[in-house]
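Notes follow once the structure below has been shown.
Protein chains in written order, with our numbering: chain A, 109 to 382; chain B, 109 to 382.
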């Protein structure tokens, strides 16, 4: 099995970048988006065989893969609509959380394998999408047990120079709660704290603050969805961090400079290894 | 008053970068460091008129400005040594906290004005110092009331293309607790949490995590000093952040998606303005 006609549902940063990368490999791409202005830009890009804002019309394009690239809670609704339409062709997605998606795909009897491209930007939308966004990046597949589909998706993503890794949706959601969802939440939170307590300080923000809060410029629709969807794993991570903040605060309160120095030395050494 | 001979105490990233920038403007620079290997690299750079690891020899170089560029708690000891030697020539510093430094300078009857260049890197040491590190960056002066000295320091830093701002040491330490010391502490803490709870997740770290934790690679000596020295303002910031984390956590726990979306929308909009 390999894919010659791919339909992308959701022409934002993620869907737009996949569409451009696939089109560049000679694959025919079709687009679906509910936003007319996005469809206008999509038509203007001249990479699509067809675009539409009608669900029925979209699923009747001659697709051999349907790629869902919308925020996770909307993706679950989209999967339910596919279930109601008794859609039987291959489906995958590019959402940042995987447990709910896989559950919905199973409940709706889809021929499905989950996916997550590990590359983002703090900008969003089709106009910010890039043909090379995923070049060299990791792509995670979370299988539902359809091995022929899994292998075809592996080949597809390798063909646009992505490194494919496979894991369960539970492993995926735990890992990304730690290294993506928690940092995003804390970056929003820190920005919020400084805005409330000492907004004028922002004019002195140096490179460190800018880097630390770069991800706080991320898209509200996508991130409120992710936080809600990965609630359990995320809240566990937040609680681990809170306990750790108390430990670090106490080292400072108790003037325990030796311990503080050793901790920073350990952590900064590990960071430099990344 | 202007400076033709500047002595730099501490030839790390900060002192080394100032030495290179001043030397490039035709100012004679002299260096002091207790580390022999640093002195070797300093001699090798051929920008110094003289370097030494002896305090007495250093303060007897024909200096018209002595620039202290060592971590804050060591800087306070250095100021006490200058006090004991009844040093009367102009002195400034480049430390990241200002209240303790100014208090020490006053107690030791120095002819002093505090300073803080707003530019860092996560690397440290003379070999990472750069002539252009401070080009275009802000430099904050915290005056002790010696206006002729303050003006001369303003001119000096403008001559290497820095933007000079003046404020009190209290204003300075509050602003930087918020936008520098708090992000560094939280970045160390988050890195520590992930290392303890899910180290293998680090191999999937994308650009967001890398940016968010870049400052967690910072120097342990400098940062343990800063955290101890600005303890009061920093702990207040940490407590504000902790309260805010509870608010964000509760929005997620309570499924309050509308409020979460609005908060992210507000915060991300402000971040994009930076």
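Here a beta-carbon is modelled for each residue, glycine too, at the ideal position from N, C-alpha and C.
Per DSSP, what are the beta-bridge partners of residue i in this structure?
i: residue 419(B); result: Past the boundaries of the shown model lies residue 419(B); chain B is included only from 109 to 382, so the question cannot be answered.
i: residue 158(B); result: 138(B)
i: residue 225(B); result: 247(B)
Tell me where the alpha helix (DSSP H) around residue i begins and ends.
i: residue 291(B); result: 290-306
i: residue 124(A); result: 121-132
i: residue 278(A); result: 277-284
i: residue 311(A); result: Looking at the DSSP string, residue 311(A) is not in any alpha helix (DSSP H), and its letter there is neither H nor E.
i: residue 144(A); result: 144-152
i: residue 325(B); result: Where residue 325(B) is concerned, there is no enclosing alpha helix (DSSP H), given that its DSSP letter is neither H nor E.
i: residue 215(A); result: 207-215
i: residue 267(A); result: 255-267
i: residue 163(A); result: 163-167
Three-state secondary structure (DSSP) at residue i?
i: residue 201(A); result: strand
i: residue 242(B); result: coil
i: residue 220(B); result: strand
i: residue 182(A); result: helix
i: residue 382(A); result: coil
i: residue 231(A); result: coil
i: residue 334(B); result: helix
i: residue 358(B); result: helix
i: residue 348(B); result: helix
i: residue 193(B); result: coil
i: residue 364(A); result: coil
i: residue 111(A); result: coil
i: residue 237(A); result: coil
Output the boundary residues of the beta strand (DSSP E) element that contains residue i.
i: residue 274(A); result: 271-274
Kindly examine the ligand COA and report whether one of its heavy atoms sits closer than 6 Å to the Cβ of residue i.
i: residue 124(A); result: The ligand content of the structure shown is nil, which means the ligand COA is not present either.
Please name the residues in the segment 225-247 of chain B whose beta-carbon is closer than 7 Å to at least one beta-carbon of chain A, in chain order.
226, 227, 228 and 246
Tell me which residues of the segment 288-311 of chain B have at least one Cβ-Cβ distance to chain A shorter than 8 Å, keeping chain order.
288, 290, 291, 292, 293, 294, 295, 296, 297, 298, 299, 300, 301, 302, 303, 304, 305, 306, 308, 309 and 310
Which residues, in order along the segment 318-330 of chain B, keep a beta-carbon less than 8 Å from a beta-carbon of chain A?
Taking a C-beta cut-off of 8 Å against chain A, the contacting residues of the segment 318-330 of chain B are 318, 319, 320, 321, 322, 323, 324, 325, 326, 327, 328 and 329, listed in chain order.
Output, in sequence order along the chain, the residues in the segment 269-283 of chain B whose CB is closer than 7 Å to any CB in chain A.
282 and 283
Would you call the segment 290-297 of chain A and the segment 359-379 of chain B touching, i.e. three or more CB-CB distances under 8 Å?
yes
Would you be able to state if there are at least three C-beta pairs under 8 Å between the segment 111-127 of chain A and the segment 227-237 of chain A?
In short, these stretches touch, since the Cβ pair count reaches three.
Can we say the segment 255-270 of chain B touches the segment 127-143 of chain B, given the rule of at least three CB pairs closer than 8 Å?
yes
Could you say if the segment 246-264 of chain A and the segment 203-219 of chain A meet the contact criterion of at least three C-beta pairs nearer than 8 Å?
Result yes; three or more Cβ-Cβ pairs closer than 8 Å.
Along the segment 370-382 of chain B, what residues have a CB closer than 9 Å to any CB found in chain A?
370, 371, 372, 373, 374, 375, 376, 377, 378, 379, 380, 381 and 382
Evaluate the contact criterion for the segment 322-330 of chain B versus the segment 312-331 of chain A: three or more CB pairs, one atom per stretch, below 8 Å.
With a cut-off of 8 Å on Cβ pairs, the segment 322-330 of chain B is in contact with the segment 312-331 of chain A, counting three or more such pairs.
Using 8 Å as the Cβ pair cut-off and three pairs as the minimum, do the segment 193-200 of chain A and the segment 339-355 of chain A touch?
no
For the segment 352-364 of chain B, list every residue whose C-beta sits within 9 Å of some C-beta in chain A, in sequence order.
352, 353, 354, 355, 356, 357, 359, 360, 361 and 363
How do the segment 239-249 of chain B and the segment 364-373 of chain B stand: do at least 3 beta-carbon pairs fall below 8 Å, yes or no?
no
Taking contact to mean at least 3 C-beta pairs separated by less than 8 Å, is the segment 179-190 of chain B in contact with the segment 327-343 of chain B?
yes
If contact means a Cβ-Cβ distance below 7 Å, which residues of the segment 186-208 of chain B contact chain A?
Per Cβ criterion, the list is empty.
Between the segment 300-313 of chain B and the segment 155-171 of chain B, are three or more C-beta pairs nearer than 8 Å?
no
Residues of the segment 156-187 of chain A whose Cβ lies closer than 7 Å to any Cβ of chain B, in chain order:
Within the segment 156-187 of chain A, no residue qualifies.
For the segment 126-160 of chain A, which residues have a beta carbon sitting closer than 8 Å to at least one beta carbon of chain B?
When C-beta distances to chain B are compared with 8 Å, every residue of the segment 126-160 of chain A stays at or above that value.
Give me the subset of the segment 250-270 of chain B whose CB atoms are less than 8 Å from a CB atom of chain A, sorted by chain position.
If the cut-off is 8 Å between Cβ atoms, the segment 250-270 of chain B has nothing near chain A.
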